[in-house]
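Chains as they are written, first to last, in full-length UniProt numbering: chain V, 1 to 243; chain W, 1 to 443.
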Amino acid sequence: MPTILLLGAGSDMAIAIARKFAAEKYNIQLAARAADTLIPQQQDLQVRYGVTVTTHAFDATNFTSHAAFYAGLPATPDITICVFGYLGDQEKAQQQWDEAVNIINTNYTGAVSILNVVANSYADRKQGVIVGISSVAGERGRQSNYIYGSAKAGFTAYLSGLRNRLFRSGVHVMSVQPGFVNTRMTQHLTLPPLLTAQPEAVAQAIFKGIEKKKNVLYVKWHWRYIMLIIKLIPESIFKKLSL
Amino acid sequence: MQKRLANWGNYPAITSDENAFTQEEQLRKYVVANTHMIARGNGRCYGDASLGAHSISMLKYDKMLAFDIEKGIMDVQAGVTLDQILDIIVPKGWFLPVTPGTKYITVGGAVASDVHGKNHHVDGAFSGHIIDMDVLTGSGETICCSASQHPDLFWATCGGMGLTGVITRVKFGLKQISTAYIRQTQLKAKNLEEVIRLFEEYKHYTYSMAWIDCLQKGDSFGRSILIVGEHATPEELSAAQRKAPLTLPAKRKLTLPFNLPSFVLNTFTVKAFNWLYYGKNYKREMHKVIPYEPFFYPLDAILHWNRGYGKAGFVQYQFVVSLEQKDGLIAILKRISDKGWGSFLAVLKVFGKQESLISFPMEGYTLALDFPIRKGLFEFLDELDEIVLQYGGRLYLSKDARMKREIFWNSYPNAGRFADIVKQYNSNARFESLQSERLSLTK
Chain V
1 MPTILLLGAG SDMAIAIARK FAAEKYNIQL AARAADTLIP QQQDLQVRYG VTVTTHAFDA
61 TNFTSHAAFY AGLPATPDIT ICVFGYLGDQ EKAQQQWDEA VNIINTNYTG AVSILNVVAN
121 SYADRKQGVI VGISSVAGER GRQSNYIYGS AKAGFTAYLS GLRNRLFRSG VHVMSVQPGF
181 VNTRMTQHLT LPPLLTAQPE AVAQAIFKGI EKKKNVLYVK WHWRYIMLII KLIPESIFKK
241 LSL
Chain W
1 MQKRLANWGN YPAITSDENA FTQEEQLRKY VVANTHMIAR GNGRCYGDAS LGAHSISMLK
61 YDKMLAFDIE KGIMDVQAGV TLDQILDIIV PKGWFLPVTP GTKYITVGGA VASDVHGKNH
121 HVDGAFSGHI IDMDVLTGSG ETICCSASQH PDLFWATCGG MGLTGVITRV KFGLKQISTA
181 YIRQTQLKAK NLEEVIRLFE EYKHYTYSMA WIDCLQKGDS FGRSILIVGE HATPEELSAA
241 QRKAPLTLPA KRKLTLPFNL PSFVLNTFTV KAFNWLYYGK NYKREMHKVI PYEPFFYPLD
301 AILHWNRGYG KAGFVQYQFV VSLEQKDGLI AILKRISDKG WGSFLAVLKV FGKQESLISF
361 PMEGYTLALD FPIRKGLFEF LDELDEIVLQ YGGRLYLSKD ARMKREIFWN SYPNAGRFAD
421 IVKQYNSNAR FESLQSERLS LTK
């Protein structure tokens with residue numbers, strides 16, 4: 001049975017992705033900062049789908065631990081999905097460097113650090129799939145969340161470059177732009193229903209996207225065009241908007 | 001997030017701040033920092049029991065922790081719904097020990113309402129099958145309770161409508177089955193007397209309930225169809241069914257995408273009943289073997305059937321009176337039938353004995369039917385409440401959206417003891433619903 005590694009496995013999106021792949025008979029490696037919090041999820045996947053599930057401690061911002069973490073996995077995963085992210089508080093991040101650094105390190109530096117390790121391993125093996133969950137917030141910086149947005153912009157560019165590099169090794173890299181997703185991370189926000197995906201829909205789209213070897217996946221198709229329009233607004237006008 | 005919430009009856013609808021959680025620590029933090037909270041599952045109770053200023057949505061707390069296939073024991077987080085459990089246990093030869101008429105409820109909701117099923121006279125209510133459970137109380141402490149461990153908390157939580165705290169984990173026993181099918185018998189009854197006699201005659205059947213036609217008068221008053229069933233054995237299946245006795249054929253779901261004008265559902269049920277009564281059921285007795293789904297969950301086949309009652313919504317009225325108070329049942333059914341405001345069909349069931357603190361079931365007759373919201377309805381239901389009380393009966397809190405506090409306090413014999421236990425575990429009335437305020441249980 002193939003194996004999938006989920007980095008940031010405790011989020012609503014990761015829970016849905018794990019269930020989708022377990023239903024498709026993948027063994028699952030769950031990784032998050034506090035591995036013990038993953039135990040109910042591990043039991044759930046085993047009871048529901050009868051697959052093998054392991055839990056692993058992984059801290060995205062502890063860069064030096066990443067190589068050992070990957071080497072310590074019980075099996076080399078066929079697919080690695082980088083789900084972790086931190087929305088943070090934009091206003092706080094403008095005032096407090098700790099918050100800004102945490103947003104940048106979680107969404108960008110940490111992702112680069114672990115995916116470098118995974119990418120080198122997959123390049124040697126000449127197989128594997130890497131999926132990065134980025135964000136439409138990374139497509140243009142807006143005053144309401146540009147620290148998070150700029151970190152995700154960096155991650156999007158990283159994934160694009162990685163895809164280019166690994167193409168010749170037969171390793172596929174897929175970037176996912178989920179748009180709004182109904183999760184705990186966004187439960188304090190009022191989201192437009194038409195543009196908001198359920199975590200299960202994201203999981204389904206990722207599974208299908210891997211099958212079809214998609215490069216950039218928009219979970220709700222509207223987002224591709226919304227972002228296209230937003231990117232086309234001239235900067236002289238954009239800077240005056242309050243988006 | 002502020003959200004418009006209503007339960008299955010679409011009445012009342014309120015704006016509530018909804019919060020979900022996936023880890024117990026997240027819940028604990030939230031509970032100790034807030035008041036006016038109530039846990040909410042899948043919103044299938046009918047009234048206002050799970051509506052409050054702050055809703056704790058349990059739906060993301062949905063991990064199955066263990067399934068002992070040998071002994072038939074399930075241990076789950078309380079936000080798991082019964083349909084998810086059935087999908088896992090039926091293929092392994094197990095079934096829910098007790099199930100209400102919909103499988104789209106959470107396990108936590110099943111405990112908080114102490115739900116009953118068609119087998120109440122044989123297997124009791126859901127609470128009788130709980131091995132132990134965790135309740136996160138008002139102090140933020142999680143307490144594991146059972147009939148022998150913290151029994152006061154246990155009994156006040158079964159049927160306690162979420163007022164002792166948030167039920168977070170439930171471990172319960174399952175029922176062994178050898179097929180996913182039910183051997184069903186349908187019996188026509190000319191009137192109420194006959195159906196009551198038939199209930200007695202068929203009480204050895206594990207499952208039983210009756211549909212009553214509320215429109216009939218005179219000799220046909222209480223004309224009904226009694227439906228009884230047993231889990232089928234492999235020998236009773238057809239050759240095709242026997243190939244995979246624990247697997248049901250795949251089926252499509254219908255859904256009502258929007259609210260219909262309120263007369264539609266009644267027209268539909270009238271036709272359905274008449275079809276059963278005159279058409280398919282022209283013989284007095286009908287036998288067949290059917291999948292468990294249409295037997296236990298006939299209305300689940302139409303998702304959102306509640307929209308059939310229109311935008312104003314409806315209340316479901318369910319009461320129980322003891323076996324000695326058959327006159328009470330007759331009197332109430334007469335009032336309902338004369339008024340003509342209720343749904344055309346009512347469900348009748350005979351409950352067996354049950355020891356409990358605050359659960360609804362007690363040995364006797366229970367009748368349930370829908371009333372679309374209309375002017376004057378609540379006054380009429382208040383009159384019915386008085387009759388129920390007069391005959392020593394009570395109403396099901398899970399269906400209730402409007403009962404007056406005096407009715408509750410006078411009809412539930414242990415109300416005072418229940419309220420005392422609630423106070424003990426729910427310090428400062430952190431957990432409070434529209435219902436608990438209305439019934440003065442948390443004030």
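Don't be surprised by glycine CBs; every beta carbon is placed ideally from N, CA and C.
Distance between beta carbons of W:L198 and W:L215, contact taken as under 8 Å: Mapped onto the second sequence, residue 215 of chain W falls at position 215. Mapped onto the second sequence, residue 198 of chain W falls at position 198. At roughly 20 Å, the Cβ-Cβ gap does not stay under 8 Å, so W:L215 and W:L198 are not in contact.
Would you mind sorting V:Y225 into buried or exposed? The rule is 16 or more other CB atoms within 10 Å of its CB. As a first step, residue 225 of chain V must be located in the first sequence, where it is residue number 225. With fewer than 16 other Cβ atoms within 10 Å, it is exposed.
Can you tell me the Cα-Cα spacing of V:G141 and V:I15, whole angstroms? Taking the first sequence and counting its residues from 1, one reaches residue 141 of chain V at position 141. Taking the first sequence and counting its residues from 1, one reaches residue 15 of chain V at position 15. Roughly 29 Å separates the two Cα atoms.
Based on DSSP bridge pairs, tell me the residues matched to W:I38. One-based indexing of the second sequence puts residue 38 of chain W at position 38. Looking at the DSSP assignment, W:I38 forms a beta bridge with W:S55.
Does the contact criterion of 3 or more C-beta pairs under 8 Å hold for the stretch 214-228 of chain V versus the stretch 161-178 of chain V? yes
Mind checking V:N27: buried by the 16 CB within 10 Å criterion, or exposed? The residue labelled residue 27 of chain V in the question sits at position 27 within the first sequence. Its Cβ being crowded by 16 or more others within 10 Å, V:N27 is buried.
Minimum C-alpha distance to V:N159 - residue among V:Y70, V:V118, V:T196: Residue numbering aside, residue 159 of chain V sits at position 159 when the first sequence is read from its first letter. Checking the sequence shown, residue 159 of chain V turns out to be Leu, not Asn. Cα-wise, what sits closest to V:L159 is V:V118.
Less than 7 Å between C-beta atoms, sequence neighbours within five positions excluded: which residues of the same chain meet that for W:N191? Mapped onto the second sequence, residue 191 of chain W falls at position 191. Answer for W:N191: D219, S220, F221, G222, R223, listed in chain order.
Based on the DSSP secondary-structure assignment, which residues constitute the bridge partners of W:D75? Counted from its first residue, the second sequence places residue 75 of chain W at position 75. Note: W:D75 sits in a beta bridge opposite W:A66, W:K171.
Counting beta carbon pairs with one atom in the stretch 379-388 of chain W and one in the stretch 357-368 of chain W, are three or more of them shorter than 8 Å? no
Below 7 Å between beta carbons is the criterion; list the residues of the stretch 28-55 of chain V that meet it against any residue of chain W, in chain order. Using a CB distance below 7 Å, the part of the stretch 28-55 of chain V facing chain W consists of T37, P40, Q41, Q43, D44, V47, R48, ordered along the chain.
According to DSSP, what are the bridge partners of W:C144? Counting from one through the second sequence, the residue named residue 144 of chain W turns up at place 144. In the DSSP output, where bridge partners are listed per residue, W:C144 has W:D134.
What is the DSSP secondary structure of V:I79, counted as helix, strand or coil? Walking along the first sequence from the start, residue 79 of chain V turns up at place 79. Looking at V:I79 - three-state DSSP - the assignment turns out to be strand.
Can you list the residues of chain V that W:N274 reaches, using a CB-CB cut of under 7 Å? Position 274 of the second sequence holds residue 274 of chain W. By Cβ distance, chain V contributes nothing, its closest Cβ being about 40 Å from W:N274, past 7 Å.
In chain order, what are the residue ranges of uninterrupted beta strand (DSSP E) at least 3 long that sit wholly in the stretch 73-121 of chain W? 73-77
By DSSP's criteria, V:Q29 is part of a beta bridge. Which residues make up the other side? Along the first sequence, read from residue 1 onward, the residue named residue 29 of chain V stands at position 29. Answer is V:L5, V:T54.
Can you tell me where the alpha helix (DSSP H) holding W:N195 begins and where it ends? Here residue 195 of chain W refers to the residue found at position 195 of the second sequence. Sequence check: residue 195 of chain W is Val here, not Asn. Here the alpha helix (DSSP H) through W:V195 covers 192-201.
Residue span of the alpha helix (DSSP H) that contains V:V118, given as start and end: As a first step, residue 118 of chain V is located in the first sequence; it is residue number 118 there, counting from the start. In this chain, the alpha helix (DSSP H) harbouring V:V118 covers 110-125.
Secondary structure at V:M185, three-state DSSP: helix, strand or coil? By one-based count along the first sequence, residue 185 of chain V stands at place 185. DSSP places V:M185 in helix when its eight states are reduced to three.
Taking the C-alpha atoms as reference points, what is the distance between W:L329 and W:D385? Here the question's residue 329 of chain W lines up with position 329 in the second sequence. Here the question's residue 385 of chain W lines up with position 385 in the second sequence. Approximately 12 Å between the Cα atoms of the pair.
What is the C-beta distance between W:L367 and W:L348, in whole angstroms, given that I count them as a contact (C-beta under 8 Å)? One-based indexing of the second sequence puts residue 367 of chain W at position 367. One-based indexing of the second sequence puts residue 348 of chain W at position 348. Correct: roughly 5 Å between the Cβ atoms.
Proximity winner among V:S134, V:D78, V:S169, V:F58, relative to V:I4 (alpha-carbon distances): Along the first sequence, read from residue 1 onward, the residue named residue 4 of chain V stands at position 4. The residue with the shortest Cα to Cα distance from V:I4 is V:D78.
Report the three-state DSSP secondary structure of V:G132 (helix, strand or coil). The sequence position of residue 132 of chain V within the first sequence is 132, counting from 1. In this structure, V:G132 counts as strand in the three-state DSSP scheme.
What does W:L65 reach in chain V if we use C-beta pairs closer than 8 Å? One-based indexing of the second sequence puts residue 65 of chain W at position 65. Neighbours of W:L65 on chain V, chain order: P40, Q43, D44, V47.
Looking at chain W, is there any beta carbon in it that lies within less than 8 Å of the beta carbon of V:D12? Residue 12 of chain V sits at position 12 when you count from the first residue of the first sequence. Taking Cβ atoms only, chain W reaches closer than 8 Å to V:D12, which makes this a yes.
Between the Cα of W:L237 and those of W:D400, W:D213, W:Y181, spot the shortest distance and give me the residue it belongs to. Here residue 237 of chain W corresponds to residue number 237 of the second sequence, with the count starting at 1. Here the closest residue by C-alpha is W:Y181.
Using a cut-off of 9 Å between C-beta atoms, extract the partners of W:I88 located in chain B. Here chain B cannot be found, since the structure's protein chains are V and W.
Using three-state DSSP, classify W:T442 as helix, strand or coil. Your numbering for residue 442 of chain W matches position 442 in the second sequence. Reduced to three states, the DSSP call for W:T442 is coil.
Let me check understanding here. Comparing Cα to Cα, which of V:D59, V:L241, V:Q46 lies closest to W:I88? Along the second sequence, read from residue 1 onward, the residue named residue 88 of chain W stands at position 88. Here the closest residue by C-alpha is V:Q46.
At the 8 Å Cβ level, is V:R19 part of the contact set with chain W, yes or no? Along the first sequence, one-based indexing puts residue 19 of chain V at 19. So, not an interface residue.
Can you tell me which residues form a DSSP beta bridge with W:D213? The sequence position of residue 213 of chain W within the second sequence is 213, counting from 1. For W:D213, which the question treats as bridged, DSSP gives the partners W:L345.
Counting only C-beta atoms, is W:A6 closer than 8 Å to chain V at any point? Numbered from 1 along the second sequence, position 6 holds the residue referred to as residue 6 of chain W. By this cut-off, W:A6 is not an interface position.
May I ask which residues mark the beginning and end of the beta strand (DSSP E) holding W:G229? Against the second sequence, residue 229 of chain W aligns to sequence position 229. Where W:G229 is concerned, the enclosing beta strand (DSSP E) stretches over 224-231.
Backbone secondary structure at W:H287 - three-state DSSP: Within the second sequence, residue 287 of chain W is the residue found at index 287, counting from 1. Strand, per DSSP.
Could you spell out the range, first to last residue, of the alpha helix (DSSP H) harbouring V:Y218? Locating residue 218 of chain V in the first sequence gives position 218, counting from the first residue. Counting along the chain, V:Y218 falls outside any alpha helix (DSSP H), though it belongs to the beta strand (DSSP E) covering 216-218.
For W:F273, which of helix, strand or coil comes out of DSSP? Counted from its first residue, the second sequence places residue 273 of chain W at position 273. Looking at W:F273 - three-state DSSP - the assignment turns out to be helix.
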